[in-house]
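Reading through the structure tokens given below for one structure.
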Amino acid sequence: MAERISRRKLADYIVDRVERGDGIGTVVEELAAYLIDTRRTREAMLIVRSIEDELAARGTVVAHVQSARPLSNEMKEAIQRLLNASTVHLNEEVDPALIGGIRIEAPGKRLDATVKRKILALGQVKM
Amino acid sequence: MADISVTELSKGLRDAITKLETSSSLESVGVVTRVGDGVAWVHGLLGAGFSEVLQIETKSKGVVEAFVLNLMEDEIGAVLLGSDQGVSAGDTVKLKGEILSVPIGPELLGRVVNPLGIPLDGGPAINAKLRGPVERDAIGVMGRKHVHEPLMTGIVAIDAMFPIGRGQRELIIGDRQTGKTAIALDTMINQARQKTGVVNVYVAIGQKLSKVARLVELLRKEGVMDQTIVVATGPSDPASLLYLAPYAGTAMGEYFRDNGKHALMIYDDLTKHAVAYRQMSLLLRRPPGREAFPGDVFYLHSRLLERSSKLSDELGAGSLTALPIIETQAGDISAYIPTNVISITDGQIFMETDLFYQGIRPAISAGLSVSRVGGDAQTKAVKSVSGNLKLSLSQFRELASFAQFGSDLDDATKRQIERGQRLTELLKQPQYQPLGIWEQVASIYAVNEGAFDGVTTAKIKDAQTALLTRLKTDNKADMDELNKGDKMTDKTAELVKKIAEKVAKGFEG
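Line by line, the protein sequences are chains A and B. The first sequence begins at 15 in our numbering and counts up one residue at a time. The second sequence begins at 72 in our numbering and counts up one residue at a time.
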């Protein structure tokens with residue numbers, strides 16, 4: 015049996031291919047075939063995470079941003095500066111339940127500065 | 072309704088808010104991919120270090136802590152410090168940013184805590200000013216000094232034949248129910264009775280909690296608890312806590328060593344510690360070796376016991392003595408863990424089941440026990456009287472088994488056997504009755520000088536008690552002087568011999 019290839023090596027290889035200009039569709043299909051062949055389909059989501067991590071390490075960050083109100087342009091710029099990457103893709107979501115503040119989820123990183131979290135955390139503090 | 076102070080309430084609220092304020096920077100997070108048997112596997116957190124503490128945000132049980140033991144290419148293996156009940160795959164994991172540490176300092180004296188420093192005795196929370204890392208490098212060569220001060224156990228057989236010095240590691244090894252813990256306990260009691268100022272740290276590793284409770288109760292009754300810290304883990308605690316217990320206890324003991332004081336560590340017992348580590352290692356998928364123990368099981372104990380040391384004068388001359396306990400199966404000291412720990416320590420006290428059931432208690436084997444560094448540390452008074460005690464006792468045990476077959480023995484052999492029987496009788500000692508220096512010296516001297524030669528073996532103990540009572544009532548000043556540990560003067564020796572001979576007359580026949 016062939017040696018098990020780690021998720022980090024797979025992610026590294028896939029990002030290489032994508033950067034080289036191979037079509038994303040082809041690469042994804044090949045990866046899917048590989049995972050089925052090696053019976054590792056359960057790891058699919060972890061590999062996606064690893065690919066995100068690898069992309070982030072090479073300067074492309076895909077971040078998910080939640081806020082109570084739509085983000086202003088200054089805010090978006092501030093987030094891009096905070097994430098400190100050459101290319102930043104923001105998936106924005108407006109959720110009034112957060113009351114105020116902002117929540118950013120980037121690969122391997124997180125910032126939760128929402129009012130909702132603070133109130134919840136305060137509720138857990140024993141006085 | 073209770074009276075609520077508004078000022079206090081607002082201050083508390085403000086403090087709580089300050090504590091909750093987080094800096095507006097990104098924090099590293101990972102995610103739990105698998106969990107079970109007290110081990111969580113985490114994806115992400117590429118910046119995690121070995122032995123670093125992780126915080127798992129569970130949905131139902133709040134934050135559960137874990138510490139990193141496996142750093143692999145794709146994932147981290149972390150051992151949970153609590154129950155794995157609330158932890159589930161998909162939970163977010165954060166770095167706590169510190170390695171494991173426990174509260175240390177005099178605030179812990181008299182307390183029963185778990186390996187994380189959380190009180191188990193129902194007392195108030197421990198407000199220690201300092202914290203010490205659980206894993207710490209041992210002191211280097213230049214920071215050490217040779218072992219030269221005695222640590223009296225109060226047990227005649229040990230203090231006379233296998234003396235223990237401050238900073239020594241002396242293993243107590245034997246089968247179950249042979250009195251291993253009893254020796255450790257008597258040593259702790261002796262520290263309080265003789266007011267040596269040595270702090271005891273008793274580490275219970277997977278011991279039945281009923282046994283620990285009884286022990287604590289006894290220590291309280293004997294007035295030893297004021298200078299004792301008990302680190303307790305039971306059989307139902309997670310293996311991670313059992314694994315951490317001796318290191319956490321050592322961190323607490325090191326505080327006293329580093330401040331120029333003396334501490335005594337008792338690890339009860341390291342067999343269970345190795346088993347807990349084996350469980351963790353196997354669950355972390357580390358390759359098993361002999362008896363399924365992982366490859367680093369030697370290092371597990373050597374790095375722990377190396378932390379016991381006698382410090383140089385420049386570092387304050389403190390000391391940390393260790394009495395690790397190992398349980399053998401059917402007297403087999405050549406099993407894996409016993410041989411490891413025997414080779415690490417500076418000697419061992421071997422407890423024999425046969426002796427125990429013959430009524431020779433403490434059941435210390437004279438032939439298999441040894442103290443490799445304690446000779447220099449032996450109290451001069453005891454040393455002067457116990458010169459060939461070990462040799463004559465070993466010879467006696469050999470002769471005694473040989474003499475069972477022959478009835479015709481020459482006089483010299485007969486004398487040796489009789490003397491041996493008296494010595495064996497003398498070295499018997501009831502539990503919780505450690506003896507002071509003068510008591511040990513006077514007893515051994517009386518037998519050695521032949522003062523008790525006319526006394527029947529069955530009455531030796533009574534004669535010894537009578538001698539000690541007489542000496543204490545009539546010659547208290549001389550005995551107090553002798554108790555300081557210096558070699559017995561000729562005058563005192565003469566006095567002891569004279570009284571012993573007088574006392575012996577009452578027990579002859």
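Don't be surprised by glycine CBs; every beta carbon is placed ideally from N, CA and C. The structure presented is a predicted model; accordingly, all values stated were derived computationally and were not measured.
Proximity test, Cβ basis, 7 Å: residue i and chain B
{"i": "A:R22", "result": "yes"}
{"i": "A:R124", "result": "yes"}
{"i": "A:L60", "result": "yes"}
{"i": "A:R131", "result": "no"}
Extent of the continuous beta strand (DSSP E) run through residue i
{"i": "A:N98", "result": "Taken as a continuous stretch (DSSP letters only), A:N98 belongs to no beta strand (DSSP E), as it is neither H nor E."}
{"i": "B:S172", "result": "172-175"}
{"i": "B:N601", "result": "Outside the displayed span of chain B (72 to 580) sits residue 601 of chain B, for which this structure offers no information."}
{"i": "B:H344", "result": "First-last for B:H344: 341-354, but that is the alpha helix (DSSP H), not the beta strand (DSSP E)."}
{"i": "B:H114", "result": "110-115"}
{"i": "B:F421", "result": "418-422"}
{"i": "B:R105", "result": "98-107"}
{"i": "A:A77", "result": "74-81"}
{"i": "A:I2", "result": "Here chain A has residues from 15 to 141 only, and residue 2 of chain A is not among them."}
{"i": "A:S20", "result": "Per DSSP, A:S20 belongs to no beta strand (DSSP E) and is neither H nor E."}
{"i": "B:A393", "result": "390-398"}
{"i": "B:A303", "result": "299-303"}
Where the alpha helix (DSSP H) through residue i begins and ends
{"i": "A:L69", "result": "58-71"}
{"i": "A:V42", "result": "38-51"}
{"i": "B:Y516", "result": "508-519"}
{"i": "B:K558", "result": "Looking at the DSSP string, B:K558 is not in any alpha helix (DSSP H), and its letter there is neither H nor E."}
{"i": "B:A322", "result": "310-329"}
{"i": "B:D545", "result": "531-545"}
{"i": "B:S414", "result": "407-415"}
{"i": "B:V456", "result": "451-456"}
{"i": "B:L497", "result": "482-498"}
{"i": "A:I133", "result": "129-138"}
{"i": "B:A275", "result": "Note, B:A275: premise wrong, no alpha helix (DSSP H); beta strand (DSSP E) at 270-275."}
{"i": "B:A471", "result": "460-474"}
Anticipated Cβ contact below 8 Å, residue i with residue j, distance rounded
{"i": "B:L312", "j": "B:L152", "result": "7 Å"}
{"i": "B:P317", "j": "B:L375", "result": "5 Å"}
{"i": "B:S380", "j": "B:I210", "result": "5 Å"}
{"i": "B:A253", "j": "B:Q502", "result": "5 Å"}
{"i": "B:L553", "j": "B:A406", "result": "About 43 Å separates the two Cβ atoms, so there is no contact after all."}
{"i": "B:H219", "j": "B:D557", "result": "Contact flag wrong, Cβ pair sits at about 15 Å."}
{"i": "B:R202", "j": "B:V173", "result": "7 Å"}
{"i": "B:V301", "j": "B:V183", "result": "4 Å"}
{"i": "B:L335", "j": "B:H372", "result": "That belief does not hold up - the Cβ atoms of B:L335 and B:H372 are roughly 18 Å apart, past 8 Å."}
Test: residue i CB closer than 7 Å to a CB of chain A
{"i": "B:E98", "result": "yes"}
{"i": "B:M72", "result": "With a pLDDT of 46 at B:M72, under the threshold of 50, the predicted position of this residue should be treated as unreliable, though the coordinate-derived value follows. Chain A contact via Cβ: absent."}
{"i": "B:D551", "result": "no"}
{"i": "B:G115", "result": "yes"}
{"i": "B:V77", "result": "no"}
{"i": "B:E123", "result": "no"}
{"i": "B:E128", "result": "no"}
{"i": "B:D145", "result": "yes"}
{"i": "B:S81", "result": "no"}
Whether residue i touches residue j by CB criterion (7 Å)
{"i": "B:A275", "j": "B:A255", "result": "no"}
{"i": "B:G268", "j": "B:L386", "result": "no"}
{"i": "A:R31", "j": "A:I61", "result": "no"}
{"i": "B:L394", "j": "B:I435", "result": "no"}
{"i": "B:T528", "j": "B:Q475", "result": "no"}
{"i": "B:M323", "j": "B:V368", "result": "no"}
{"i": "B:G294", "j": "B:A263", "result": "yes"}
{"i": "A:E119", "j": "A:H78", "result": "yes"}
{"i": "B:G418", "j": "B:E241", "result": "yes"}
{"i": "B:G83", "j": "B:S99", "result": "no"}
{"i": "B:F523", "j": "B:T249", "result": "no"}
{"i": "A:A70", "j": "A:P121", "result": "yes"}
{"i": "B:A149", "j": "B:A160", "result": "no"}
{"i": "B:T392", "j": "B:R237", "result": "yes"}
What are the residues in the stretch 67-85 of chain A lying within 8 Å of chain B by C-beta distance? Answer set for the stretch 67-85 of chain A: D67.
Chain A contacts made by the stretch 152-170 of chain B, where a contact means CB separation under 7 Å: none
Just by C-beta distance, which residues in the stretch 190-205 of chain B are closer than 8 Å to chain A? Within the stretch 190-205 of chain B, not one residue has a Cβ closer than 8 Å to any Cβ of chain A.
Using a Cβ-Cβ cut-off of less than 8 Å, give me the residues of the stretch 84-99 of chain A that come near chain B, in sequence order. Per Cβ criterion, the list reads L96, L97.
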